[in-house]
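The structure under discussion appears below in the form of structure tokens.
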Amino acid sequence: MSTISTKHEYRAPSDVIENEVERLRVAVPKAALVVDASPLLGTWINCDHETRGLVRVMIAAKASEITVHAFGACSPTPCDWGAVNGTIYAASVATTPAVGFTANYNFSFKQTLVVGHLFNGALIVETYDHFTDQSGRADYYSMNVMSK
């Protein structure tokens, strides 16, 4: 009887740097590529001034990574979610300008995954909220369009 391996490794064509170097017609990297956070850096404000979600996101450089400092809609002033480490992403394995990020927030009652990506000069920020407090609330998703 043969054994079947349950571990699967998946490597998309875009995961192979040689394929992307050829497809994008860029130079073969001489050293490990580091994603450049600068396109994401700065203070981003929600375009919906009546939002009940995120009102502001501040992204700062931290070595080869970023910190994400989010503020939620509260009254009379925004709720300070604090700053957390984030991960930045390029458009491919062979390019370096950042086009997106992720960050995780852990509150006493929920966990929030914050995902952002650049689109036509705006920053699209999505949040995925998972409640951990046994409150019976449904986990939910929201999307915010932000500008500098």
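Quick note on numbering: the sequence shown equals residues 2 to 149 in this note's numbering. Quick reminder that beta carbons are idealized off the backbone N, C-alpha and C, glycines included.
Suppose you measure from the CA of THR68 to the CA of ALA104; what does that come to, to the nearest Å? So the alpha carbons of these two residues sit roughly 8 Å apart.
Between the CA atoms of GLN135 and CYS28 - distance to the nearest angstrom: One detail in the question is off: residue 28 reads as Ala in this sequence, not Cys. Whole-angstrom Cα-Cα distance: 53 Å.
Please state if the CB of VAL94 and the CB of PHE102 are separated by a distance shorter than 9 Å. Inclusion of PHE102 and VAL94 in the CB contact set at 9 Å is not warranted, their separation being larger than that value.
Return the first residue and the last residue of the alpha helix (DSSP H) that LEU25 is part of. First-last of the alpha helix (DSSP H) with LEU25: 18 to 25.
Among ASN145, THR96, ALA123, the one whose alpha carbon lies nearest that of ASN20: THR96
Just verifying my parser: in three-state terms, what is the DSSP assignment at SER143? Reduced to three states, the DSSP call for SER143 is strand.
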